[in-house]
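One structure is given here, and the rest of the page talks about it.
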Amino acid sequence: MTPGNASRYGDTYARWKADPQAFWREASRAIDWIKAPDAVFDPGAGPYGRWFPDATCNTCWNAVDRHVATRGAQPALIYDSPVTGDKRTLTFAELKGEVETLAAVLQELGVVKGDRVIVYMPMIPEAVLAMLACARIGAIHSVVFGGFAAKELATRIDDAAPKLILTASCGIEPNRIVTYKPLLDEAISLSAAPPQSVLLLQRKQAQATMVEGRDHDWATRVADAKAAGRAAPCVEVAATDPLYVLYTSGTTGKPKGVVRDNGGHMVALAWSMGNLYGARPGEVFWAASDVGWVVGHSYIVYAPLLVGCATVVYEGKPVGTPDPGAFWRVISEHGVSILFTAPTAFRAIKKEDPKAEHLKRYDLSRFRALFLAGERADPDTVQWAEDILGTPVIDHWWQTETGWAIVGNPLGLGALPVKHGSPTVPMPGYDVQIVDEGGKPVGPNTMGSIVIKLPLPPGALPTLWHADDRFRESYLAAYPGYYTTSDAGFVDEDGYLFIMGRTDDIINVAGHRLSTGGMEEVLSSHPDVAECAVIGIKDSLKGEQPCGFVVLKSGVNRSPLEIEKEIVQLVRDKIGPVAAFKIAITVNRLPKTRSGKILRGTMKKIADGDSWSMPATIDDPAVLDEIAEALHQKGV
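Here it is in C-alpha cells:
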C-alpha cells in the first residue's frame, strides 16, 4: 500500500475546501454535457441549493454511447449466475444496441420524459438495461428489490405513481424460486396509482400469467422493435432533473423517496471511481450487491460504465452457490480488479471457510483491492481479509442518501495508513463534524452525533420525492446548517472517523453512554466467533443493559456456555465493569436484511417485549423466531 505521506489526499481535500466550486467545475470536465454548466452551484434552489443548475446532459449517453467509438468491442456488462448456470457478456456496442431498443419499447408503451417507471427485477442483465433505457429517454426509474412484499411494493407504487412497471416472472434463491408476478399483481390491486402497463420478462424457471390489456411480453416487444429497426436516441435533460427515486425506510412507516439528479450524480461517481477506488478504464469492477440497493445503482450500473470499466452482474451468494469459493471464482474467471461488497459477505465466507482453503483453487493475480461498506466493518473481519488476500482492504462509509462515500481511504490518490475500525477520512465535498446533543462541536476522541456541514456535495440527494418539508425535518432540522447522518462516533487526533453505530445504537447503562459497536468489536475478536450483534435491552435498575448474540465459526465444537463465559470476561477485560456486560447468547444465525444488515432494532423490540412488525427487507423471517426462543431460554 502506498505510504500515507505519499498520498495526494491532503492536498486534494484542501483544494476542495479552499474553493469547492472550482473543484467541482474541474471534476465536471470528465462528463459529456449537452450544455456545459456556466454556474456550478445555486445556493438559493431547493432545501440547501442545487449543483450545475443551468447544465443539460444525458446519463445513458455518458455511461454507454460515448464509449462505443473508443471501446465498442470491450466488455461492458458481465453476467454470472451460479444459481442458473447462465453467463453472458455484452460489449459497449452490444449494450448500446440493447438499451436503445428497450428504450424504444418504453416509448411505444407511452413513457415520456419525466414519467416514473418502477423496476422490480432480479439480478439479471435486463435489470441494468431497464435502468439505462429509462435514463436514455429521461424517464425516472425507481428500482424496488425483486421479491419485495406486495404491501411494501404498493406503498412505493402509490408514492411514485409509475406509468409502467418492468418486471420478471421470478427471482432465484439458492434453495427456492421466488415468483414475482403474484406479488406484483397483489401490489397493483392494493395501489391507488396503478400503472398503465407492465412489461414482463418470462424466465424459464417460472412462467407468469399475463393480465390481458395491461401486461406485455418483454421478449416479444423487444424482438418486434429490433425487427423494425426502432432505436430511441438520448433525450436532453436538465442536470437537476431526477435520474431516479430510491426508497429507503422511514421512521413513520412511509418510505422516503431519495431523489438523485443527473448532473451532480455523474460528476461525483466519475470522480470517485478514479480517486477513491483507483479504478482504470478497461478494468473489471465488481460491486457484489443488488440493483435494489443504492450500491447497485451507484457501483453496479452507473459509476463503472461512466468511466469505461466493465461491471459484473452476479446472481448468487458469497456462500452456498455453490461454496465459500464463489467470490474467488468470479474474480478469477472474469479478471476482476476491484471488489466492493458488504462486511457480512466476508463474515459468511470466514464462517464457512475460516482458513480460506477455497481461495487456493483460484488465480487472483489481477485483483488489486477489496472495498467494504454497508455496515460497520469489524477489525477482525478486515484483518482476516487482509491476511488471506494480501491486498488493500478498505472500509468506507456512506448512505443511501449520499449515493457515494462520505468517508473513505482514497486508493487512487495514494492510500493513507489503515486504522482498523475506521473508514479513514472525509472525501472532498464532505465537511464532517462531531457535535454533542446541543449541536456544539466536541474535541478529538469524544463520542457524539456525526453531521455534515451544508451544502452536501454533488451526487447526494437534493431532496425527497415531492417532500421538501419532510426532507428538511428528517435531515436538516436537528442541527441547523448541517445534515444529520443519524450515526454516532468520534474523530481521533489524526482526523480519522470512527463510526460506532446509529445514534439509537448508543446505549445508556447507569448513566454511561456506551457504544454497542465497540462491544461488537470485542466479541468479534474472540477466535471462535464468526459474527455478532450487541443490543441494549431494558433494565429496571440501570436503564439498559447490553446483550450480545454470537454466531460461531464452522468446525467449532466447544461448549457454547463455555464460549459465552469467555465472551463476558473478554468484554469485562477490554471495556471494563462499566459495560455491565453479562448476557451472551449463541445462535445459529442473525436476522438480516437482504443486503446483509443485521436487524438490531427488531431484535431489541423482541428482547424488550415491545410490539414489532416483520421488516419488509428481512431475508428469512424464521430467524426472528430463533432469536425469540434463544432469549427465552436465557430468561430474558
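Here full-length UniProt numbering is used: position 275 in the sequence shown is 275, and no number is missing along the way.
Using N, Cα and C, we set each Cβ at its ideal position, and we do this for glycine too.
Residue nearest to residue i in terms of C-alpha spacing, selected from the options
i	options	result
G138	P343, G44, D241, K226	D241
P577	I535, V509, G408	V509
M500	V294, S515, S486, A192	S515
residue 650	P546, T59, V112	In the structure as shown, the chain begins at 1 and stops at 636. Residue 650 is therefore absent and cannot be evaluated.
residue 703	F581, K553, I575	Since the first and last residues shown for the chain are 1 and 636, residue 703 lies out of range.
N445	A326, F490, R472, G517	F490
T167	G443, G263, M131	M131
F327	L370, R156, Y299	L370
T70	V534, G390, N409, G282	G282
A530	T91, W384, L631	W384
A161	Y302, Q196, H265	Q196
P75	V568, V451, T311	T311
I450	P428, Y475, A467	Y475
F148	L164, I124, Y120	Y120
D378	W24, G517, P122	G517
L164	Y482, Q399, Y496, I118	I118
P560	D528, N58, L306	D528
D19	P428, K440, E212	P428
E493	I535, A223, G443, P122	G443
Cα-Cα separation between residue i and residue j, rounded to whole angstroms
i	j	result
L102	G229	12 Å
G459	V267	7 Å
G146	A287	18 Å
P3	G97	Here P3 scores only 37 on pLDDT, less than 50, and its place in the model should not be relied on; the value that follows carries that caveat. So the two alpha carbons sit approximately 44 Å from each other.
P354	V587	18 Å
F549	K204	41 Å
I177	G316	13 Å
S7	K419	16 Å
S169	G374	29 Å
W16	R572	44 Å
Q433	G292	30 Å
E386	R368	12 Å
L541	L523	25 Å
T344	P304	23 Å
K634	I388	37 Å
F340	C532	22 Å
K605	Q399	24 Å
E520	K597	14 Å
R569	L631	Here residue 569 turns out to be Gln, not Arg, going by the sequence shown. Going by the C-alpha atoms only, they are around 20 Å apart.
A622	V111	41 Å
A127	R88	14 Å
L109	G72	29 Å
Cutoff 6 Å; reference residue i; Cβ partners in own chain excluding five residues on either side
i	result
M1	For M1, the predicted model reports a pLDDT of 30, less than 50, meaning its position is unreliable; a value from the coordinates is still stated below. Closer than 6 Å at Cβ, skipping near neighbours: P392, A415.
T402	A460
Q202	S169
A27	V267, W271
W295	Contrary to the premise, residue 295 reads as Val rather than Trp in this sequence. Hits under 6 Å: A287, S289.
Contact belief for residue i with residue j at Cβ below 8 Å, rounded distance in angstroms
i	j	result
F498	S422	5 Å
D80	V330	6 Å
V301	K113	Rounded, the Cβ-Cβ distance is 20 Å, inconsistent with contact.
S191	D158	5 Å
T485	A478	Their Cβ separation, rounded to whole angstroms, is 10 Å, which puts T485 and A478 out of contact at 8 Å.
residue 670	P457	In the structure displayed, the chain extends from 1 to 636; residue 670 sits before or after that span and is not available.
V407	V425	6 Å
Cut-off 8 Å between Cβ atoms - residues of its own chain near residue i, not counting five sequence neighbours on either side
i	result
A104	A225, R230, A231, A232
A206	S169, C170, I177, T179
T463	G46, P47, V259, F471
T593	L599, P615, T617, I618, D619
H67	Q74, A76, F92, L305, G308
Same chain only: Cβ atoms within 7 Å of residue i, ignoring 5 sequence neighbours per side
i	result
T602	P591, W612, P615, L624
E352	V319, P324, S554
D363	S332
Cβ pair residue i, residue j closer than 7 Å
i	j	result
V64	V99	yes
S142	V245	yes
P53	D42	yes
D395	S525	no
residue 684	T56	It is not possible to answer for residue 684, since the shown part of the chain is limited to 1 through 636.
A150	E186	yes
N262	A239	yes
G49	P455	yes
G278	G412	yes
K538	D436	no
E544	I507	yes
T243	T59	Rather than Thr, the amino acid found at residue 243 in this sequence is Leu. Yes.
Y496	K453	no
Residue i Cβ short of 6 Å to the ligand GDP heavy atom set
i	result
L590	This structure lacks the ligand GDP, and indeed carries no ligand of any kind.
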